[in-house]
Structure formats: C-alpha cells, structure tokens
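J.: For the record, the sequence lines run as chains A and B.
Under the working numbering, residues 1 to 315 are what the first sequence spells out, in order.
Under the working numbering, residues 1 to 383 are what the second sequence spells out, in order.
Let me begin by handing over the structure; questions about it come next.
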Amino acid sequence: MDLDLNDDQRALQEVIQQIVSQHMEVPRTGPTLKPVEYFYADELDEALAAGEFFNVALSGDYGALEAALLVYEVGRSPLVLEIAGSALIGPLLTGQALPRPIAVARLADLTRAVRFLDRAKTLIVDLGDDVAVLSTDDLKVEPVASMFAYPLGRLAAMPDLAGARRLGAEAVEPLRRLWRVGLSLEIAAAMQSAIDFTTVYVKDRRVFGRPVGSFQAVQHRLAADVQKCRGAYWLALKAAWSGLELDASLAALYAQQAIASVNYDSHQFNGALGMTLEHSLHFWTFRLRLLQGELGGPREQASSVASLMWAEGRA
Amino acid sequence: MDFSWNDAERAYRAELVALLEAKLHENWWNDFAYDGPAGPELMANAREFNRELAARDLVVRHWPEAYGGKNASAWQQIIVSEEMWSNGEPRSSLYLGANWAGPAIMKFGTEAQKQRYLRPIAEGRVLWCQGFSEPEAGTDLANMSTRAELLPGGGYRINGSKVWTSYASRADVCFLLARLDGGGKSGVTCFIVPMDTPGVVVRPIPAIHSPHDFNEVFFTDAVAPEDSRLGEEGQGWDIVTTILHYERIGAARYEYSRRTLDHIVALLRARGLFEDPVVRGECASALAMVEAARLLTYVVIDGRAKDKPPSADTYVARFAMIQADHAVANLGSTYLPDLLVKGGDGMLHAHFTAAITSGIAAGAAEVQLNMISGRYLGLPRGA
Numbered sequence: 001m002d003l004d005l006n007d008d009q010r011a012l013q014e015v016i017q018q019i020v021s022q023h024m025e026v027p028r029t030g031p032t033l034k035p036v037e038y039f040y041a042d043e044l045d046e047a048l049a050a051g052e053f054f055n056v057a058l059s060g061d062y063g064a065l066e067a068a069l070l071v072y073e074v075g076r077s078p079l080v081l082e083i084a085g086s087a088l089i090g091p092l093l094t095g096q097a098l099p100r101p102i103a104v105a106r107l108a109d110l111t112r113a114v115r116f117l118d119r120a121k122t123l124i125v126d127l128g129d130d131v132a133v134l135s136t137d138d139l140k141v142e143p144v145a146s147m148f149a150y151p152l153g154r155l156a157a158m159p160d161l162a163g164a165r166r167l168g169a170e171a172v173e174p175l176r177r178l179w180r181v182g183l184s185l186e187i188a189a190a191m192q193s194a195i196d197f198t199t200v201y202v203k204d205r206r207v208f209g210r211p212v213g214s215f216q217a218v219q220h221r222l223a224a225d226v227q228k229c230r231g232a233y234w235l236a237l238k239a240a241w242s243g244l245e246l247d248a249s250l251a252a253l254y255a256q257q258a259i260a261s262v263n264y265d266s267h268q269f270n271g272a273l274g275m276t277l278e279h280s281l282h283f284w285t286f287r288l289r290l291l292q293g294e295l296g297g298p299r300e301q302a303s304s305v306a307s308l309m310w311a312e313g314r315a
Numbered sequence: 001m002d003f004s005w006n007d008a009e010r011a012y013r014a015e016l017v018a019l020l021e022a023k024l025h026e027n028w029w030n031d032f033a034y035d036g037p038a039g040p041e042l043m044a045n046a047r048e049f050n051r052e053l054a055a056r057d058l059v060v061r062h063w064p065e066a067y068g069g070k071n072a073s074a075w076q077q078i079i080v081s082e083e084m085w086s087n088g089e090p091r092s093s094l095y096l097g098a099n100w101a102g103p104a105i106m107k108f109g110t111e112a113q114k115q116r117y118l119r120p121i122a123e124g125r126v127l128w129c130q131g132f133s134e135p136e137a138g139t140d141l142a143n144m145s146t147r148a149e150l151l152p153g154g155g156y157r158i159n160g161s162k163v164w165t166s167y168a169s170r171a172d173v174c175f176l177l178a179r180l181d182g183g184g185k186s187g188v189t190c191f192i193v194p195m196d197t198p199g200v201v202v203r204p205i206p207a208i209h210s211p212h213d214f215n216e217v218f219f220t221d222a223v224a225p226e227d228s229r230l231g232e233e234g235q236g237w238d239i240v241t242t243i244l245h246y247e248r249i250g251a252a253r254y255e256y257s258r259r260t261l262d263h264i265v266a267l268l269r270a271r272g273l274f275e276d277p278v279v280r281g282e283c284a285s286a287l288a289m290v291e292a293a294r295l296l297t298y299v300v301i302d303g304r305a306k307d308k309p310p311s312a313d314t315y316v317a318r319f320a321m322i323q324a325d326h327a328v329a330n331l332g333s334t335y336l337p338d339l340l341v342k343g344g345d346g347m348l349h350a351h352f353t354a355a356i357t358s359g360i361a362a363g364a365a366e367v368q369l370n371m372i373s374g375r376y377l378g379l380p381r382g383a
C-alpha cells in the first residue's frame, strides 16, 4: 500500500492547483458582490482546455485517479465549473472526449432541474436499463433559477430517446459508479473549502473579546467536520483508484451524509455575515445543498451499499 | 497511489488467520472473550497463545532484528492488530508492549533496559499495563500527583495511586508515570515497574463494560531501582507524547467494528429484519463510517511506514474510529438488545463493551478534537 501520489501524479496535481489558484476570486462589481446565483469559471475552463486537462483520464497511463485529482481541485474554487462529467464520467464511460460541458441525469429528472444542463453540449442519461448520450443541439432546455450556486436547466419536452446513441445495459453500472465518484469528490472539495473559509473567519472574528475560534464549542464541531471531510476525501480517492461499485457507493453515501453538519456548522460559525452575498461561503455550501440529494441521495447510495456488501449468502 | 496489499502482506495475514482458526477455542467469544481482552479467562489463555505467536515470529515482526523482530513494515503491524482485535485481542495486553512500550524502550531506553525488556515482549512472555490515569488526572494527565523520590543510595521510592488501569490485576509489569520535582508536564518521569514489587497493591474496580478491566493500583513506598527509570528525569511527557501516537490507533478498532457489523447483518437477516430498507440503510451508513476510519488510519500507517513524523492525522483517525465503533454498537443495541444479555452473543457483547470505552481510552474523544483544533486547524487556545 502506498497512499502518496507518484511523481507524475504529484506533478499533475501541482500544475492543476497552480491553475485553479488563479481562479479562486469571485468577481466583484464595486464594493459589493453582484447578486447572482453563481459565477461560472469560464477563464478556468479555457485554461484547463488549453492544457488538455479535460482529457487527462484518456492520456497515456492516466485514468480515473488522475481525473479525480482534477475534479477535486476544481471543486475547491468558489467559482463553478462543470468538471466531473467532462473529465471523469464522459471520457471513462465512452472512451471519448465528448462535446462539453456535460450534464448527467436520470430520466425522471430531465424535466425537473439538472446541473449544468442549461450550458451542456452533451447530455448523458441513466435510463435505468441503458444509457443514452445526446447532443443538446436539438433539445429545448430552459434555465432554472435557484439558490443552489450551480447553473441548472430542464428539458421543456422529452427528447427522442429512441433515436439517441445508446451505450447498452452494460454501461449502467459504470455510469453510476463514475457519477458517484465524481459526486463524492465534488462534495469533499466543497466541504474542505467551506471548512477552510470558516477556519480563517473564526480565527479573525472576535466575540466577547476573543476569537470565535478560541471557543471549544466551536473548535470541537469544526474538528469533527474535518474528520468527516478527510474521510470523504479518502473514500472518494479509493473509489477512483479501485473502480469498484461498492467503493463508489460507500464514498457517495459517506460524503452526502457528511454535508448536513459541515453546512450547518459553517453557517453557524460565519454568523450573519455568512448569509450575505458579499461573503463567499454560500458558493460552496449551497452547491453542497444540491449535491446532498443527487443520484437519489443517501437513501439510494445506502441501498446500493447494502445490496453490494451483504448480498444473500455473503453475510 | 496504491490501496492494495502486496503478496507478502497477504501471506502474512493468511498465516495469522490460520493460526487464529487453529488456536482459538470453540465458543471463543462466549467463553473467553466475552468481557474483552482483560477478562481472566482470556488473559490466562493469552500466556499460552502468545508463546505460540512468538514461536512463529508473529509478535513483533515489525521491530528491528536486533530486538527480536524481522524489520517488517508498519503495514504488517496493522495487519496483526486487525486480525487480533477483530478476534477479541487474544494476546491480551501483550499488544501494549509490542505496539508502544517496546518502541518507547527502543527509543528512550538504555542498552541494559533494551536487553531486559524487549526480548520478553518479542517472546510473548510478558503482559503489560499502563499506569497513567489518576483519580485527579484522567484526561488532564499532566495533573498527576503520584510521586517518585530519589533515594540517597539510588533508586526511587514511589507513592501514589493509579486508577482505571486495564490489565493491572494480571499484568507482569507496569509502564508507570510518576512525578519528580516540578508541576505540570515538567517533572513527569517514566518508570518500568514489575507488578510484584513490594508496596504495589491492585484493587479491581467493577465497571459497566466489564467486571475485570479496571483496577486501582496503589504504590506505597514501592522502591524501584534507578535503572527502572526510562529516559531522563522529567522526560516523561515527551515520551508519552511520542508513544501516544502509537497507542491512539494501535488497536485496529475499525476492523473489529467491520466484522461485528457483518455479524450483526447475519443476525438481522436470520430474524428477517435485514430486508427492511431502514435497517439496511443504517447498516450501510455504519459501514461507510467504518471504512472511512480504516482509510484515515491507513493514512497514518503509510506515514509511519515512510518514517514521516507523527501528525494531526493520528487524532483524525482516532476520532473516526470512535464514531465508527459507536455506529456499529448502536445497531446492536437498537435491533438486537436481547443478544447483549448474559448468555447472548459473545462477539456482540464484547464489541459493545469495547465501544463504550472507545471515546475514553487512549485520550478522550474531546482530547482528539482539541488536538485537531490546534494542530490541524491552527485555532487559537481558549481562555
């Protein structure tokens, strides 16, 4: 066992971190933040595309783990960028670099609200017993306004799935597995950023003559959140590495269940300032709110874990 | 990055599993391990079991050859811990010597102390106990008041008492903290004291988790020779800080919880309860917590295998283990309480009682959180 990245992976991670670090600032107009739901990281998108990072999973000896590093690092930014579909799910599901951004959805969700669908060039649909891959050129997509700090869209009408490209029943498990890995990484990254942001704030903000972060009631909850965040991170990396359905379901379950306390504590400790748009906290916490229920939420991840882990005859 | 075991590690685990299958008695959980690794039947059995381990070089394979080991990696050490803890720790408190008392002696001991104490651990001949906590110094260990007084002719006279001391009633030797001059952390000094030293008296303390685990240990003018002191006078806190990194995650509680969870699922299935989606969901959530604790522990082991200095990751891993222990234990008490009674299910009972201690032993859960707050997050100290 060796839990360090190898030299190539570390070099890749450092380059990605260096690029992402230039896109961590939320644009401001005047003294206050523009009242928008999210800021899409167009410039980060261009920088990553120029370096062909979106194809990292299809490059040489690289694969899901290297794509996972990219998904995680991009997810640290308060700016939002579609990354899991483009760098992890799409390439490893189809073996191709699909037109992006890529939206991924279950059939029943297409007319509700799907992450990135209003910007997507490709839509991957979990049909239950098959997977469809569609160009969005001929789809009628309506943007969906929300507080969730993600671009959302829904289909105004159901597409012609009969004529869509199908990947076959054998693609269903890989789609869900990769989706869960990507989801876990996005959650781990946003939770870590929310904790980091909160930690800086509670060191600086004083109440009753002391930093907020000097109170044990605050310290213990943040420390417990760190444990959950690190657990989510390592479960996600292991799932990316192993390619096992069980690992992916465990990672998604753990990550989605960790969100509640990390979100609650982050907002509690940022107080009223954390509720304002000029404070960046909500760019992570409200993404997390949406991710909490993606892919059926913890109920479905848990169902998957139980079925895979304790199939009849195994326990 | 590689999360897999190599061939040597798999073979090592297989060797341990085969030995455990051969040596653990029928009805092991109910007859021997029911009250945990400090139970009298288990401790008595451990004497023979440990010799069998030693005969196969399975006690301290991770130690240097000079001290009876085979220079194996920290990964092999955690494999031993996983297999032993998940079987109720049939070594009893030999693990204290193998996991941290021995390494502390290697790091801080004199050559004579290494010769005297390390070989008996490697040969599985000695059971340890740990004399740290006191009536007025539990989590606040630096507040301890047991005193050691340097005698004019050499040696130390020790007076005071230790409490909640696991294994003490049947242990051979105590890794003792006593205070020389100075308050707080300064003045704390380590001693290695045989339990048959005149003036050392042990009184069992029945506890909710076991009638056999806790003891009070009284030291009344107990005289320890000068070479029983480990390290320099006043160096005890540094030694303890070092070894606690080993102790906090030395017991692979996540593996114990994992196997207990599998056992719980089998019991639930036999009762027709496992098809309930709520029950399945709770089991799955517990499993996710267990596997998170495992990986966080492996992060620490990976650092140890690479000789990296201890970090705050140890506290993160320990806190994760505590959460996982309780998640699994709560499943047992929620859905199978009738099996936690006397004569019920030995494995379930043993794990349940171990989980009760999980957040208290080896530094309270709140201490782990304090350490994460300070060393991981860099939060300022409170008033």
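Don't be surprised by glycine CBs; every beta carbon is placed ideally from N, CA and C.
#1: From V316/B, A317/B, V290/B and G68/B, pick the residue whose C-alpha is nearest to that of P103/B; which is it?
#2: Can you tell me whether S303/A is helix, strand or coil according to DSSP?
#3: Starting from the Cα of V163/B, find the closest Cα among Y156/B, I192/B and V201/B and give me that residue.
#4: Anyone know if the C-beta pair for A98/B and I78/B falls short of 8 Å?
#5: Could you check how far apart the C-beta atoms of F49/B and L230/B are, in whole angstroms? I think they sit under 8 Å.
#6: Could you spell out where the beta strand (DSSP E) holding D213/B opens and where it closes?
#7: By DSSP, does L273/B sit in helix, in strand, or in coil?
#8: Short of 8 Å in beta carbon distance, which residues of its chain neighbour L222/A, apart from the five on each side in sequence? Order them along the chain.
#9: Hey, would you say A286/B sits closer than 8 Å to A320/B, going by beta carbons?
#10: Does the beta carbon of G250/B sit closer than 8 Å to a beta carbon anywhere in chain A?
#11: Run through the stretch 58 to 127 of chain B for me and flag every whole alpha helix (DSSP H) of 4 or more residues, listed as ranges in chain order.
#12: Could you tell me how far apart the beta carbons of L295/A and R180/A are, in whole angstroms, since I believe they sit closer than 8 Å?
#13: If you measure between the beta carbons of G384/B and V223/B, is that distance less than 8 Å?
#14: Is Y167/B helix, strand or coil when you go by DSSP?
#15: Report the CB separation of S184/A from A232/A in whole angstroms; it is logged as a contact under 8 Å.
#16: Within the continuous beta strand (DSSP E) that includes S135/A, where are the two ends?
#17: So, for W355/B: in the same chain, excluding its five sequence neighbours on each side, which residues have a beta-carbon less than 6 Å away from its beta-carbon?
#18: Quick check on this structure: which residue in Y34/B, P206/B and A14/B has the alpha carbon closest to the alpha carbon of G88/B?
#19: From which residue to which residue does the beta strand (DSSP E) around S321/A run?
#20: V212/A by DSSP, collapsed to three states: which one?
#21: Which residues mark the beginning and the end of the alpha helix (DSSP H) in which F286/A is found?
#22: Compare the C-alpha of L180/B against each of A148/B, M195/B, A142/B and S373/B and name the closest.
#23: If you measure between the beta carbons of H279/A and L273/A, is that distance less than 8 Å?
#24: From the beta carbon of F215/A, is the nearest beta carbon of chain B less than 8 Å away?
#25: Below 7 Å between beta carbons is the criterion; list the residues of the stretch 293 to 324 of chain B that meet it against any residue of chain A, in chain order.
#26: Below 6 Å CB to CB, which residues in the same chain sit around A315/A once its five sequence neighbours on both sides are set aside?
#27: Measure the Cβ-Cβ separation of G236/B and C190/B and say whether it is below 8 Å.
#28: Between the stretch 119 to 133 of chain A and the stretch 102 to 109 of chain A, do three or more beta carbon pairs fall short of 8 Å?
#29: Taking three-plus beta-carbon pairs below 8 Å as touching, is the stretch 275 to 291 of chain B in contact with the stretch 247 to 257 of chain A?
#30: Closest to Q388/B by C-alpha separation, out of A137/B, R170/B, A312/B and R10/B, would be which residue?
#31: Taking only three categories from DSSP, how would you classify T189/B?
#32: Where are the beta strand (DSSP E) runs, 3 residues long or more, that stay fully inside the stretch 196 to 276 of chain B, in chain order?
#33: If the cut is a Cβ gap below 8 Å, which residues of chain A does L287/B touch?
#34: Considering only their Cβ atoms, is the gap separating E82/B from V17/B smaller than 8 Å?
#35: Tell me, please, which residues DSSP counts as bridged to G160/B.
#36: Note the first and the last residue of the continuous beta strand (DSSP E) segment covering R385/B.
T.: So, from the data block:
#1: Residue 103/B sits at position 103 when you count from the first residue of the second sequence. Closest by alpha carbon: G68/B.
#2: Residue 303/A sits at position 303 when you count from the first residue of the first sequence. Note: S303/A maps to helix in three-state DSSP.
#3: On the second sequence, residue 163/B is found 163 positions in, with the first residue counted as 1. Looking at the Cα atoms, V201/B is the closest of the given residues.
#4: Position 98 of the second sequence, counted from the start, is the residue given in the question as residue 98/B. Position 78 of the second sequence, counted from the start, is the residue given in the question as residue 78/B. No, these two residues do not count as a Cβ contact at 8 Å.
#5: Numbered from 1 along the second sequence, position 49 holds the residue referred to as residue 49/B. Numbered from 1 along the second sequence, position 230 holds the residue referred to as residue 230/B. With 8 Å as the limit, F49/B and L230/B do not qualify as a contact, their Cβ atoms being about 27 Å apart.
#6: Along the second sequence, read from residue 1 onward, the residue named residue 213/B stands at position 213. Careful: D213/B lies outside any beta strand (DSSP E) and carries neither H nor E.
#7: Numbered from 1 along the second sequence, position 273 holds the residue referred to as residue 273/B. Correct three-state label for L273/B: coil.
#8: Along the first sequence, read from residue 1 onward, the residue named residue 222/A stands at position 222. Answer for L222/A: I195, T198, T199, V202, G213, D265 and F269, listed in chain order.
#9: In the second sequence, residue 286/B corresponds to position 286, counting from 1. In the second sequence, residue 320/B corresponds to position 320, counting from 1. Contact flag unset, no.
#10: By one-based count along the second sequence, residue 250/B stands at place 250. So no, G250/B is outside the interface.
#11: 74 to 85, 102 to 108 and 111 to 122
#12: Start at 1 with the first residue of the first sequence, and residue 295/A comes out as number 295. Start at 1 with the first residue of the first sequence, and residue 180/A comes out as number 180. Confirmed, about 6 Å.
#13: Residue 384/B falls outside the range modelled here, since chain B spans only 1 to 383, and no answer is possible.
#14: Taking the first residue of the second sequence as 1, we reach residue 167/B at position 167. Of the three classes helix, strand and coil, the one that applies to Y167/B here is coil, per DSSP.
#15: If you number the first sequence from 1, residue 184/A lands on position 184. If you number the first sequence from 1, residue 232/A lands on position 232. That pair is a contact at about 6 Å.
#16: In the first sequence, counting from the first residue as 1, residue 135/A sits at position 135. Run containing S135/A: V131 to S135, per the beta strand (DSSP E) assignment.
#17: As a position in the second sequence, residue 355/B is number 355, starting the count at 1. The amino acid at residue 355/B is misidentified as Trp; the sequence shows Ala. Result list for A355/B: D325, H326 and A329, in chain order.
#18: Looking up residue 88/B in the second sequence gives position 88. Looking at the Cα atoms, Y34/B is the closest of the given residues.
#19: Past the boundaries of the shown model lies residue 321/A; chain A is included only from 1 to 315, so the question cannot be answered.
#20: Residue 212/A sits at position 212 when you count from the first residue of the first sequence. Helix, per DSSP.
#21: In the first sequence, residue 286/A corresponds to position 286, counting from 1. That run of the alpha helix (DSSP H) goes L281 to L291.
#22: Counting from 1 along the second sequence, the entry for residue 180/B is found at position 180. That would be A148/B, whose Cα lies nearest to the Cα of L180/B.
#23: Indexing the first sequence from 1 puts residue 279/A at position 279. Indexing the first sequence from 1 puts residue 273/A at position 273. A contact, by the Cβ cut-off of 8 Å.
#24: Walking along the first sequence from the start, residue 215/A turns up at place 215. Chain B, which has a Cβ nearer than 8 Å to the Cβ of F215/A, makes this yes.
#25: L295, L296, Y298, V299, D302, V316, F319 and A320
#26: Looking up residue 315/A in the first sequence gives position 315. For A315/A, the predicted structure reports a pLDDT of 45, less than 50, and the residue's modelled location is therefore unreliable. A value from the coordinates is still provided. Taken in chain order, the list of residues that qualify is empty.
#27: Counted from its first residue, the second sequence places residue 236/B at position 236. Counted from its first residue, the second sequence places residue 190/B at position 190. Contact flag set, yes.
#28: yes
#29: yes
#30: With chain B covering 1 to 383 only, the question about residue 388/B has no answer from this structure.
#31: If you number the second sequence from 1, residue 189/B lands on position 189. Correct three-state label for T189/B: strand.
#32: 200 to 204 and 215 to 224
#33: For the purposes of this step, residue 287/B is identified with residue 287 of the second sequence, where counting begins at 1. Here the neighbours are L250, V305 and M309.
#34: Here residue 17/B is taken as the residue at index 17 of the second sequence, counted from 1. Here residue 82/B is taken as the residue at index 82 of the second sequence, counted from 1. It is not a contact, given that the beta carbons lie outside the stated cut-off.
#35: Position 160 of the second sequence, counting from 1, holds the residue named residue 160/B. Bridge partners of G160/B: F219/B.
#36: Residue 385/B lies beyond the residue range present for chain B, which begins at 1 and ends at 383; the question has no answer from this structure.
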